[in-house]
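Here the structure comes first, spelled out in structure tokens, and everything after it is commentary.
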Amino acid sequence: MAEPDQPRHHKVSAFTDYIKGLSPSNLDMELRMLQIIDDNDEDSNDDDPEDVETKPELIAIQCLFDYFIHEISSRNNFEFIQALIRLFLKIHGETVRRQPSLQDQAKKLLEIQSAAWQKIDKLFQNTRCMVTFLSNSQF
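Each residue of the sequence shown is one higher than the last, beginning at 1 in full-length UniProt numbering.
Structure follows, in structure tokens:
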């Protein structure tokens, strides 16, 4: 049953190893290379949304969203992924805002990220309660 997911896991793991191996400046450069030319450019055709959705840069950004969603759902490399999402949104936030297909993926990422943070917050709350209890007990 796990066989079909096995190649994807290896690809995701290899991609994670690759981006973790990049220097901060190289990682920044790689993410910036995905920038899409402004949609208001005179050469663009605003009447054809399929033209926009088939841009290689847009497809790459969609793949990055899929990667973020997968990693957060899998609870892998949480701190690293959070930092990567921050940098990604700093660079591509305006593109995400303009593209409906990216907005949908951003909403899905937000839902998954919120659920993950709720679980972490619950763990923090349990820890705070335990520390408070133990600090108030007398032995």
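The beta-carbon is built from N, C-alpha and C at its ideal position, and this holds for glycine as well.
Coarse secondary structure for residue i, derived from DSSP in three states
i	result
S23	coil
Q105	helix
M33	coil
R86	helix
K122	helix
S73	helix
Beta-carbon contacts of residue i that lie in its chain and below 7 Å, excluding the five residues immediately before and after
i	result
F80	K20
N77	T16 and E71
Residue i and residue j closer than 8 Å at C-beta
i	j	result
V96	A83	no
Cβ-based neighbour list, residue i, same chain, cut-off 6 Å, excluding 5 preceding and 5 following
i	result
A116	I72
I85	F68
Beta-carbon proximity list for residue i, same chain, < 8 Å, skipping 5 on both sides
i	result
A60	L34
I112	I69, I72 and S73
N126	none
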